[in-house]
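Chain order of the listed sequences is W and F. The first sequence begins at 47 in my numbering and counts up by one. The second sequence begins at 5 in my numbering and counts up by one. All C-beta atoms in this analysis are idealised placements derived from N, C-alpha and C, irrespective of residue type, glycine included. What follows is a short report on a single structure.
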Amino acid sequence: MKAIGKSVSRKDGIGKATGGAKYADDITFPGMIHGRTIRSTIPCGRVKSIKYDFDTTGFTICDYRDVPSKNIVDLIEKDQPFLVETEVKHMAEPIVLLAHEDKEKLHAAKVIIEYEEETPVFDPEKSTLSFKDIDIIKGDVAKALASADVIVEGTYRTGHQEHVYIETNGLIAVPEEGGYALYGSLQCPFYVIKALRCLMGSAHPNIRVIQTETGGGFGGKEEYPSMIAGHALMLAHKSGRPVKIIYDRVEDMIATTKRHPAIVKHRTGLKKDGTLVAMDIEVILDGGAYVTLTPTVLSRGCIHAAGPYRCDNVRIRGHGMFTNTPPNGAFRGFGAPQTEFAVEVHMERIAEQLKLDPVELRRKNALRAGDLTATGQTLREDTSALMVLDEAVRRTDFSRKRKEYKGTNRAIGLALFFHGAGFTGAGERNLKSKARIDLTETGVRIAVGSTEIGQGTRTMHAQIVTEALGIPYETVEVAQPDTSRVADSGPTVASRTCMVVGKILEECAEEMKEKLGGMSPADYFKKNGPLSIERMYEPPDWIIWDDKTYLGDAYATYGWGCDVIELELDPYTFEVKPIKMTAVQEFGRPIHPALARGQIEGGTAQGLGYALLENVVMRNGVMANAQLTNYVIPTTLDMPELDIVMMENPYPGGPFGAKGLGELPMDGPGPAVVNALRQLGCDVREIPATPEHIASCPKMNGSYA
Amino acid sequence: MKFTLNGKATEVNASPAARLLDVLREDCGLTGTKEGCGEGECGACSVLIDGEVVCSCLVPFAQADNAEVLTIEGLNGTHPLQKLFMDEVGAQCGICTPGMIIAAMTLGEKPTLDEVKVALAGNLCRCTGYSAIYRAIMKWRGMPLPDESSSAVTA
Chain W
47 MKAIGKSVSR KDGIGKATGG AKYADDITFP GMIHGRTIRS TIPCGRVKSI
97 KYDFDTTGFT ICDYRDVPSK NIVDLIEKDQ PFLVETEVKH MAEPIVLLAH
147 EDKEKLHAAK VIIEYEEETP VFDPEKSTLS FKDIDIIKGD VAKALASADV
197 IVEGTYRTGH QEHVYIETNG LIAVPEEGGY ALYGSLQCPF YVIKALRCLM
247 GSAHPNIRVI QTETGGGFGG KEEYPSMIAG HALMLAHKSG RPVKIIYDRV
297 EDMIATTKRH PAIVKHRTGL KKDGTLVAMD IEVILDGGAY VTLTPTVLSR
347 GCIHAAGPYR CDNVRIRGHG MFTNTPPNGA FRGFGAPQTE FAVEVHMERI
397 AEQLKLDPVE LRRKNALRAG DLTATGQTLR EDTSALMVLD EAVRRTDFSR
447 KRKEYKGTNR AIGLALFFHG AGFTGAGERN LKSKARIDLT ETGVRIAVGS
497 TEIGQGTRTM HAQIVTEALG IPYETVEVAQ PDTSRVADSG PTVASRTCMV
547 VGKILEECAE EMKEKLGGMS PADYFKKNGP LSIERMYEPP DWIIWDDKTY
597 LGDAYATYGW GCDVIELELD PYTFEVKPIK MTAVQEFGRP IHPALARGQI
647 EGGTAQGLGY ALLENVVMRN GVMANAQLTN YVIPTTLDMP ELDIVMMENP
697 YPGGPFGAKG LGELPMDGPG PAVVNALRQL GCDVREIPAT PEHIASCPKM
747 NGSYA
Chain F
5 MKFTLNGKAT EVNASPAARL LDVLREDCGL TGTKEGCGEG ECGACSVLID
55 GEVVCSCLVP FAQADNAEVL TIEGLNGTHP LQKLFMDEVG AQCGICTPGM
105 IIAAMTLGEK PTLDEVKVAL AGNLCRCTGY SAIYRAIMKW RGMPLPDESS
155 SAVTA
């Protein structure tokens, strides 16, 4: 192998380390002005009047009447407007747009909006409107529960989580010959273009979207950039000038999406020896005020809700509920961190109640090749639950330490988890992603819409093409995603960029290799001129999925992980200090080991923040702690020592055996931390497990240490 | 106002109350210094003033009067730590990277891992979990890292 499995130098170049890389806010255009969004200050009601309490000379002002075609952010449903017409559904909802060349004047401008307030709904359990209901039925849960030796019940909760990409959202709309170009920090350029076509209509066909260097995404720049792009474009359309909109941190935190809070209820029937016989699960997600991505987040959450365990009788009911809060959306893991938190803490509680060894309980029930998942999918050879569990337990000396730490303020906890790679069910078939390779005078250029957001897309794709074409890595270029120039390879989400888009690129490269007939790309180009190979993704033909019954092959393959954490609890302040995290993860095989390791280390850090620190405080339907001063993410001093283990079990349908990886590391830290805290006698069933929360939890078996 | 910017005598006509960050980015055209939060929490805007690391979003331009200011551009793209940040994947999305590298400039010749952690405690990274950043810095300083195994085990 020339490139695969090697930590080759990255295609990003040195720009990120020299300050030369251009992010949205680093770019200016001649005549550019700045845009600002005026937002609702009530969670529910109607706009009665809008008054511009400033000298409007030199300002460009847009409200909903300036929408050229449709006032709809076109995503799954067409329910969310770019700008409020009269009905306000959540705090910080965009109502009016202002633009001016002078930032000081722009921010000093005062817009007074009068409202007629209505009573908001903030509790998803009290909401009467569901965006999506899911009911997965395998076997007969009622009958199996009636015959079980033991029934264990529990309710588990997870909070919002804010992405905190260090680069806030930013977009620039630029009028150009015959149309508009949008430059911005985003994950999914083709989602943005779809939304802008709906906004502008057929009178403005020439719009293109270009991704600039993007300072982190984690799902947070999946859907919301469509909204900002629409705002910038409306202002540019009205003013005829380039318009830049950069959110400051407060605006980014109060207005843009977060991870869905979840309430997950389990009722589980078992034999005395710990064999699972029935799992009855209900998942409630707080969707926020518009549908956005809630149905698909709920879908992934429900499919992962039974955890990596085999059970013949499973029922999973899911509800994605409306509340008068800013819409929750995509965030690394996409519903699975919530439901896998619940099932893994529940498994720990089952072990406690049945007085079973927690490792043995998991080993007994873990999914193996040939087993059926909750949706009735027969797992294949690339199933590694036992492998990662055994390696994690062996490496950490888990069982000995668990005994040794009894009676101290130190504890060790584990979580076993899995994560489906790619879009759910028929998703990849419906998506019809394409990838393209163009011959250049010196080599080849990859032309896909998949975005580099730090995870290493450019490098990893170039490695796959290098290997499949058998040409030098240095001769493979990667085009900047520009919707007018690259193939629509689908969104950069769902752990699909390596496994799915990488696979199409591998096939493109193989076809190109045949066409080259032994010539080098440069020689072929000189002799025959340009050549492009574009192919569409073909999912494995055995994938059968029924969207109505939610039964079938939910994902082509799964990554598997087992996290073990050692931590200490301060018995007086209830502060938790993570000491060491061992993350054993199997994701096919790493294309670029250093990048893959970075995904696990970074995802584990986000998971630890989710578990212990990251507490979104909602007050009157909006984030009250919308600053990095009081919404705290892990710093160098909060992170434990990390021991990362990458295990291999290749997936034949992925490029060179690779599966998806990006989201997997997010699923384990939450339950591993809580399961360790439970060893210290704290009956925690909710994250973030802040000191205040731990102090409020009932004590089990006496003391904390 | 006169100051030394990346080793060059510089004069900028900006309000003394302007944020140093804005003066650097807008008046001097040096966009390598990034804004992450605007309140001194994330460290993306770190620069050195007379050798001390500061958040340039919190510093009024007046404080740079007659001082020596070092931004990421002042390392000229040739500093070994810059290449190590890319090679060791200490940079993922890269937005925190200039600030991280500037903060690392305050480290001594032979820093311990704990000293590195303290020096970078004011710089947030959301991508890496910091481990790769430690690897880049310790390699630069020729310091060993605690035993870390990252084995690939085949099924």
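TODO: Could you work out which residues of chain W lie near Lys121 (chain F), taking near to mean beta carbons separated by less than 9 Å?
DONE: Translated into positions along the second sequence, residue 121 (chain F) becomes position 117. Per Cβ cutoff of 9 Å: Thr681, Thr682, Leu683, Met685.
Open item on the list: When you compare the segment 652 to 668 of chain W with the segment 93 to 113 of chain F, are there three or more beta-carbon pairs, one atom per stretch, that lie closer than 8 Å?
Closed with: no
Task: Alpha-carbon spacing of Glu269 (chain W) relative to Tyr229 (chain W), whole angstroms - done: Walking along the first sequence from the start, residue 269 (chain W) turns up at place 223. Walking along the first sequence from the start, residue 229 (chain W) turns up at place 183. One C-alpha to the other measures close to 15 Å.
- [ ] Report back the beta-carbon spacing between Gly381 (chain W) and His306 (chain W) to the nearest angstrom; my notes put them in contact at under 8 Å.
- [x] As a position in the first sequence, residue 381 (chain W) is number 335, starting the count at 1. As a position in the first sequence, residue 306 (chain W) is number 260, starting the count at 1. Indeed they touch by this definition, with Cβ atoms about 7 Å apart.
- [ ] Output, in chain order, the set of chain F residues within a Cβ distance shorter than 8 Å of Leu674 (chain W).
- [x] By 1-based counting over the first sequence, the position of residue 674 (chain W) is 628. Those are Gly40, Cys41, Glu43, Glu45, Cys46, Leu128, listed as they occur along chain F.
- [ ] Specify whether the segment 115 to 128 of chain W and the segment 317 to 325 of chain W touch according to this definition: at least 3 beta carbon pairs, one from each stretch, less than 8 Å apart.
- [x] no
Open item on the list: Tell me which residue opens and which closes the beta strand (DSSP E) that Phe100 (chain W) is part of.
Closed with: Numbered from its first residue, the first sequence carries residue 100 (chain W) at position 54. Element bounds for Phe100 (chain W): n/a, residue is neither H nor E.
Task: Where Gln725 (chain W) sits in the DSSP three-state scheme - done: On the first sequence, position 679 is the one that residue 725 (chain W) refers to. The answer is helix: DSSP assigns Gln725 (chain W) an H, G or I state.
Task: Listed by chain order, chain W residues near Ser135 (chain F) by CB distance under 7 Å - done: In the second sequence, counting from the first residue as 1, residue 135 (chain F) sits at position 131. Within 7 Å Cβ-Cβ: Glu647, Leu688.
Open item on the list: One question on the structure: do Arg361 (chain W) and Asp326 (chain W) come within less than 7 Å of each other, judged by their Cβ atoms?
Closed with: Taking the first sequence and counting its residues from 1, the one referred to as residue 361 (chain W) is at position 315. Taking the first sequence and counting its residues from 1, the one referred to as residue 326 (chain W) is at position 280. Going by C-beta atoms, Arg361 (chain W) is nearer than 7 Å to Asp326 (chain W).
Task: Sufficient close CB pairs (3 or more, under 8 Å) joining the segment 604 to 616 of chain W to the segment 469 to 476 of chain W - done: no
- [ ] Anything in chain F within Cβ reach of Ile499 (chain W), meaning under 7 Å, just list it in chain order.
- [x] Start at 1 with the first residue of the first sequence, and residue 499 (chain W) comes out as number 453. By Cβ distance, chain F contributes Cys97.
TODO: For the beta strand (DSSP E) containing Ile590 (chain W), list its first residue and its last residue.
DONE: Residue mapping note: residue 590 (chain W) aligns to position 544 of the first sequence, counting from 1. Run containing Ile590 (chain W): none; DSSP gives neither H nor E here.
- [ ] Quick one: grab the DSSP three-state call for Pro717 (chain W).
- [x] Taking the first residue of the first sequence as position 1, residue 717 (chain W) is located at position 671. Residue state, collapsed to three classes: helix.
Open item on the list: Less than 7 Å between the beta carbons of Phe463 (chain W) and Gly714 (chain W), yes or no?
Closed with: Working through the first sequence from its first residue, we reach residue 463 (chain W) at position 417. Working through the first sequence from its first residue, we reach residue 714 (chain W) at position 668. Contact: yes.
Task: Any C-beta of chain F under 7 Å from that of Leu641 (chain W) - done: As a first step, residue 641 (chain W) is located in the first sequence; it is residue number 595 there, counting from the start. Yes, Leu641 (chain W) lies at the interface with chain F (some Cβ there is under 7 Å from its Cβ).
TODO: Identify whether Val405 (chain W) lies in helix, strand or coil by the three-state DSSP scheme.
DONE: The sequence position of residue 405 (chain W) within the first sequence is 359, counting from 1. If DSSP states are grouped into helix, strand and coil, Val405 (chain W) belongs with the helices.
Task: Buried or exposed (CB count within 10 angstroms, at least 16 for buried), Asn374 (chain W) - done: Residue numbering aside, residue 374 (chain W) sits at position 328 when the first sequence is read from its first letter. Buried, since its Cβ has 16 or more Cβ neighbours within 10 Å.
- [ ] With 7 Å as the threshold, decide whether the Cβ of Thr64 (chain W) is near any Cβ in chain F.
- [x] Within the first sequence, the letter at position 18 stands for residue 64 (chain W). Yes, Thr64 (chain W) counts as interfacial toward chain F.
Task: Between the CA atoms of Ala722 (chain W) and Ile309 (chain W) - distance to the nearest angstrom - done: Residue mapping note: residue 309 (chain W) aligns to position 263 of the first sequence, counting from 1. Residue mapping note: residue 722 (chain W) aligns to position 676 of the first sequence, counting from 1. Each residue's Cα considered, the two are about 21 Å apart.
- [ ] Anything in chain W within Cβ reach of Thr132 (chain F), meaning under 9 Å, just list it in chain order.
- [x] What you label residue 132 (chain F) is simply residue 128 of the second sequence in a count that begins at 1. The answer, in chain order, is Gly500, Gly644, Glu647, Gly648, Ala651.
Open item on the list: Looking at the secondary structure, which residues open and close the alpha helix (DSSP H) in which Glu43 (chain F) lies?
Closed with: Numbered from its first residue, the second sequence carries residue 43 (chain F) at position 39. No alpha helix (DSSP H) contains Glu43 (chain F), which DSSP labels as neither H nor E.
Task: Sufficient close CB pairs (3 or more, under 8 Å) joining the segment 701 to 717 of chain W to the segment 593 to 609 of chain W - done: yes
Task: Same chain, Cβ closer than 6 Å to Tyr134 (chain F), neighbours up to 5 away in sequence not counted - done: Position 130 of the second sequence, counting from 1, holds the residue named residue 134 (chain F). Result list for Tyr134 (chain F): empty, nothing under 6 Å.
Task: Cα-Cα separation, His277 (chain W) to Thr454 (chain W) - done: As a first step, residue 277 (chain W) must be located in the first sequence, where it is residue number 231. As a first step, residue 454 (chain W) must be located in the first sequence, where it is residue number 408. Approximately 56 Å between the Cα atoms of the pair.
Open item on the list: Only counting the same chain, and skipping five residues up and downstream in sequence, which positions put a Cβ closer than 7 Å to that of Ala48 (chain F)?
Closed with: Mapped onto the second sequence, residue 48 (chain F) falls at position 44. Excluding positions up to five away in sequence, the list reads Lys38, Glu39, Gly40, Ile99, Cys100, Gly103.
Task: Within 7 Å, strictly: CB atoms of Ile218 (chain W) and Lys284 (chain W) - done: The residue given as residue 218 (chain W) occupies position 172 in the first sequence. The residue given as residue 284 (chain W) occupies position 238 in the first sequence. The answer is no: Cβ separation not under 7 Å.
Task: Gly261 (chain W) to Val93 (chain F) span [Cα, whole Å] - done: For the purposes of this step, residue 261 (chain W) is taken as the residue at position 215 of the first sequence. For the purposes of this step, residue 93 (chain F) is taken as the residue at position 89 of the second sequence. Rounded to whole angstroms, Gly261 (chain W) to Val93 (chain F) spans 15 Å at the Cα level.
Open item on the list: Strictly under 7 Å for the Cβ-Cβ distance: is Glu139 (chain W) near chain F by that measure?
Closed with: Here the question's residue 139 (chain W) lines up with position 93 in the first sequence. With 7 Å as the cut-off, Glu139 (chain W) does not count as an interface residue toward chain F.
- [ ] Decide if Ile590 (chain W) is buried, meaning its Cβ has at least 16 other Cβ atoms within 10 Å, or exposed.
- [x] What you label residue 590 (chain W) is simply residue 544 of the first sequence in a count that begins at 1. The residue in question, Ile590 (chain W), is exposed, as its Cβ has fewer than 16 Cβ neighbours within 10 Å.
TODO: Could you tell me the distance, in whole angstroms, from the CA atom of Leu111 (chain F) to the CA atom of Pro150 (chain F)?
DONE: Taking the first residue of the second sequence as 1, we reach residue 111 (chain F) at position 107. Taking the first residue of the second sequence as 1, we reach residue 150 (chain F) at position 146. Approximately 19 Å between the Cα atoms of the pair.
- [ ] Go through its chain and collect everything with a Cβ distance to Glu45 (chain F)'s Cβ below 6 Å, but skip five positions before and after it.
- [x] Along the second sequence, read from residue 1 onward, the residue named residue 45 (chain F) stands at position 41. There are no such residues.
- [ ] Report yes if the CB atom of Met246 (chain W) is closer than 7 Å to the CB atom of Val668 (chain W), and no otherwise.
- [x] As a first step, residue 246 (chain W) must be located in the first sequence, where it is residue number 200. As a first step, residue 668 (chain W) must be located in the first sequence, where it is residue number 622. The answer is no: Cβ separation not under 7 Å.
- [ ] Give the straight-line distance between the Cα atoms of Phe571 (chain W) and His507 (chain W), rounded to the nearest whole angstrom.
- [x] Residue mapping note: residue 571 (chain W) aligns to position 525 of the first sequence, counting from 1. Residue mapping note: residue 507 (chain W) aligns to position 461 of the first sequence, counting from 1. Straight-line Cα distance between these residues: approximately 22 Å.
Open item on the list: Quick check on the DSSP output: the alpha helix (DSSP H) that includes Arg31 (chain W) runs from which residue to which?
Closed with: Residue 31 (chain W) lies beyond the stretch modelled for chain W, which goes from 47 to 751, so this question has no answer here.
TODO: Report yes if the C-beta distance between Gly91 (chain W) and Val119 (chain W) is below 7 Å; otherwise report no.
DONE: Within the first sequence, numbered from 1, the residue matching residue 91 (chain W) stands at position 45. Within the first sequence, numbered from 1, the residue matching residue 119 (chain W) stands at position 73. In this structure, Val119 (chain W) does not lie closer than 7 Å to Gly91 (chain W) by Cβ.
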